[in-house]
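Chemist:
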Amino acid sequence: MRRALLALILATAWAPACGGDGGTSDADTAAVDGTDATASDVAGDTGGAVDTIPGLEKISKITFKLGGVNNTFDVNGEADYIPNGDPGSLFKISANKATRLIEINILPVDEFAVGSWSDTEFSEVGVLICYNDGTGVRELQACPVGFTHESIAYMVTVADNNGPGSYVQGTFSGTLQDADGGTLEITEGVFDVKHR
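For our numbering, count along the sequence shown from 1 and bump the result up by 2.
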């Protein structure tokens, strides 16, 4: 009760000091009813000019079903273009959730790559999906150190990619295999990550 009263007193005291009157819903006070909670049209002490508050950047994420269970990886989601790698330029889409990590590697491609690639169709572009289930690291044939599973079958589509600063969007599915030959099915995969 004491905290609520203190918050009310502080809000009432600060509103006039910040240009509001503490009692009305002018342009420089955020409405409680949700009509203007962004304060994007705030006219402050800028000589009548309108101040803008930049919006929050959307969260980059990769979602998919693994063995029929929904997963959302929304930490460090990004698309990276790594030029002139061996055997060619690499486009990497990745995100993690706690100790689990997923990475979709497409190569050789350019920085603005869009298209669909499948293990069942001939293409000069290869795809490798690497996954770490968080249980530990086992040496795999194709994925770098740090993963527990790699794709043996895949279908990946990059539908939208306008280069650095844009969001790379697409879909994927595949069959992943661990070092002992056990498999996992990834279905309904969707990525929407910022191109760094």
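All C-beta atoms, glycine included, are put in the ideal place defined by N, C-alpha and C. Just so we're clear, the structure is a prediction, and the values are computed from it rather than from any experiment.
Work out the CA separation of G165 and E113 for me, nearest whole Å.
Modeler: 6 Å
Chemist: What's the gap between the Cα of S125 and the Cα of T74?
Modeler: 30 Å
Chemist: Can you list, in chain order, the residues of its chain whose CB lies under 6 Å from that of D162, leaving out five sequence neighbours each side?
Modeler: For D162, where only same-chain residues beyond five positions count, the Cβ hits under 6 Å are Q171.
Chemist: Can you confirm whether the region 121-135 touches the region 147-163 when touching is taken to mean that 3 or more C-beta pairs between the two stretches lie within less than 8 Å?
Modeler: yes
Chemist: Taking a contact to mean a Cβ-Cβ separation below 7 Å, would you say S118 touches T65 in this structure?
Modeler: No. Outside cutoff.
Chemist: In chain order, what are the residue ranges of uninterrupted alpha helix (DSSP H) at least 4 long that sit wholly in the region 83-122?
Modeler: none
Chemist: Roughly how many angstroms separate the alpha carbons of N78 and D182, rounded to a whole number?
Modeler: The alpha-carbon of N78 is positioned some 29 Å away from that of D182.
Chemist: Between D76 and I95, is the Cβ-Cβ spacing less than 7 Å?
Modeler: Going by C-beta atoms, D76 is not nearer than 7 Å to I95.
Chemist: Is it right to say E59 is buried, meaning 16 or more other beta carbons lie within 10 angstroms of its own, or is it exposed?
Modeler: exposed
Chemist: Distance, Cα to Cα, T177 vs I55?
Modeler: 44 Å
Chemist: Could you give the uninterrupted runs of the beta strand (DSSP E) lying entirely in the region 119-167, keeping only those of 3 residues or more?
Modeler: Within the region 119-167, the complete beta strand (DSSP E) runs of at least 3 residues fall at 128-134, 151-162.
Chemist: Is the Cβ-Cβ distance between P175 and T185 less than 7 Å?
Modeler: For clarity, residue 175 is Ser in the given sequence; the question names Pro instead. No, Cβ-Cβ distance for S175 and T185 is not below 7 Å.
Chemist: Going by DSSP, what residues sit across from K60 in a beta bridge?
Modeler: According to DSSP, which records beta bridges pairwise, K60 is partnered with nothing at all.
Chemist: Report the CB separation of L109 from G128 in whole angstroms; it is logged as a contact under 8 Å.
Modeler: 6 Å
Chemist: Given this structure, state the Cα-to-Cα distance separating Y169 from G69, to the nearest angstrom.
Modeler: 27 Å
Chemist: Check G79 in the structure and name its three-state DSSP category.
Modeler: strand
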